[in-house]
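Residue numbers (the numbering used here): 787 to 1102. Just below is one structure, and these are the notes that go with it.
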């Protein structure tokens, strides 16, 4: 059973996998002054009641959370009901949800060794970050046929995140128009963020969402332009895909991106820079295959490919 938000992008994936999805209410604490924060406690209380009722009805053997604002009422409800709790910390820095939840957890897993110091080390195990196994089965040949790609033209995969990123999407479209048909793009805009580009060349392919076909998109990519959610970044690491990371300004994603840059696996780009700068960066990387190979090798060293199995062993 998966508990999430009514409008979350994960619902399609969970139900597509044949799992039960239940939506609850929850409040998001915004880290800036806004009247909406006055309503947050009421939404959290409502979510707590909903989560408590759901857990009483299904009574799971364990509750596992990777953070996010919807997780807090579920974790608190599980603690009240004495249901074992496991927390997984994906990001380089812990978010507020995991900080609030970790004291109630029986066990905690983290992606990076550094993160052990953020929690009670007696309960922490470093496992890496689980990635979807089917991603390793992608074929570049099948990908070219599926997406109508040219074999000889470099392919850029753009990942805007589950709900999309308007600023990043617009930046990529401007960059694509500058590059023309010298580069082909697989552009995943995010659900509800499709953009009409009538002047786009036939080397530009736009999707709002890819499910199983994402494995083919990864297989086709020579370079990835992506937001800096750790789930996506560790998938790139597992597949050895060099990346230009465009974090959300002022967010925890900046720390994620900086870590990958320090490892030599990626370049970081500020979305407030002009499209000409992104175009120049893409062209310089594609022109230096040795650098792309070094970035790919650095990517492969970041994440443990057995992280999913290690998580299973830890919680069962």
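Using N, Cα and C, we set each Cβ at its ideal position, and we do this for glycine too. All values derive from a computational prediction rather than experimental measurement.
**Request:** Rounded to whole angstroms, what's the CA-CA distance from residue 1035 to residue 1014? Just pull it up for me.
**Result:** The residue you call residue 1035 lines up with position 249 of the chain shown. The residue you call residue 1014 lines up with position 228 of the chain shown. Approximately 10 Å, taken between the alpha carbons.
| task | Hey, could you find the ends of the alpha helix (DSSP H) residue 886 is sitting in? | result | Residue 886 sits at position 100 when you count from the first residue of the chain shown. 882-887 is the span of the alpha helix (DSSP H), which, as asked, contains residue 886.
message = Give me the residue from 1022, 1064, 1101 with the minimum Cα distance to residue 1083.
response = By one-based count along the chain shown, residue 1083 stands at place 297. Nearest to residue 1083 by alpha-carbon distance, out of 1022, 1064, 1101, is 1022.
Residue 971 - partner residues in DSSP beta bridges: Along the chain shown, read from residue 1 onward, the residue named residue 971 stands at position 185. Beta-bridge partners assigned by DSSP to residue 971: 942, 990.
* Is residue 1054 helix, strand or coil when you go by DSSP? -> In the chain shown, residue 1054 corresponds to position 268, counting from 1. DSSP places residue 1054 in the strand class (E or B) of the three-state scheme.
Let me know the secondary structure DSSP gives residue 977 once reduced to three states.
Taking the chain shown and counting its residues from 1, the one referred to as residue 977 is at position 191. The three-state reading of DSSP puts residue 977 in coil, since its state is none of H, G, I, E or B.
Between residue 890 and residue 871, is the Cβ-Cβ spacing less than 8 Å? Reading the chain shown from its first residue, position 104 is the one you call residue 890. Reading the chain shown from its first residue, position 85 is the one you call residue 871. Cβ atoms of residue 890 and residue 871: closer than 8 Å.
Could you say if the region 924-932 and the region 1084-1100 meet the contact criterion of at least three C-beta pairs nearer than 8 Å?
Counting C-beta pairs with one atom in each stretch, the region 924-932 and the region 1084-1100 have fewer than three that are closer than 8 Å, which means they do not touch.
**Report entry** Expected contact under 8 Å - CB spacing of residue 1081 and residue 1052 to nearest Å
**Finding:** The residue labelled residue 1081 in the question sits at position 295 within the chain shown. The residue labelled residue 1052 in the question sits at position 266 within the chain shown. Yes, they are in contact, since the Cβ atoms of residue 1081 and residue 1052 sit about 7 Å apart, within 8 Å.
From the DSSP secondary-structure annotation, give me the bridge partner or partners of residue 1009. The residue you call residue 1009 lines up with position 223 of the chain shown. As computed with DSSP, residue 1009 is found in a beta bridge with 942.
message: In chain order, what are the residue ranges of uninterrupted beta strand (DSSP E) at least 3 long that sit wholly in the region 792-849?
response: As far as the region 792-849 is concerned, its whole beta strand (DSSP E) runs of at least 3 residues are 807-809.
* Asked: When the distance is taken between beta carbons, is residue 917 closer than 8 Å to residue 1024?
  -> The residue given as residue 1024 occupies position 238 in the chain shown. The residue given as residue 917 occupies position 131 in the chain shown. Their beta carbons are under 8 Å apart, which means residue 1024 touches residue 917 by this criterion.
When you compare the CB positions of residue 1090 and residue 914, do they come within less than 8 Å of one another, or not? As a first step, residue 1090 must be located in the chain shown, where it is residue number 304. As a first step, residue 914 must be located in the chain shown, where it is residue number 128. In this structure, residue 1090 lies near residue 914, with their beta-carbon atoms less than 8 Å apart.
So is residue 1060 buried or exposed if we call it buried at 16+ other beta carbons inside 10 Å?
Counted from its first residue, the chain shown places residue 1060 at position 274. That one is exposed.
Bounding residues of the alpha helix (DSSP H) (the contiguous stretch that carries residue 1017)
As a first step, residue 1017 is located in the chain shown; it is residue number 231 there, counting from the start. 1016-1025 is the span of the alpha helix (DSSP H), which, as asked, contains residue 1017.
Worksheet item: Since residue 961 is in the alpha helix (DSSP H), which residue starts that stretch and which ends it?
Response: To locate residue 961, count along the chain shown from 1; it is residue 175. Residue 961 -> alpha helix (DSSP H) spans 952-965.
Cα-Cα separation, residue 861 to residue 880 | In the chain shown, residue 861 corresponds to position 75, counting from 1. In the chain shown, residue 880 corresponds to position 94, counting from 1. Between residue 861 and residue 880, the alpha-carbon positions lie close to 16 Å from each other.
Checklist entry - Applying the criterion that 16 or more other CB atoms from any shown protein chain within 10 Å of the CB defines a buried residue, is residue 927 buried or exposed? => result As a working note, residue 927 is residue 141 in the chain shown. By the neighbour-count rule (16 or more Cβ atoms within 10 Å), residue 927 is not buried but exposed.
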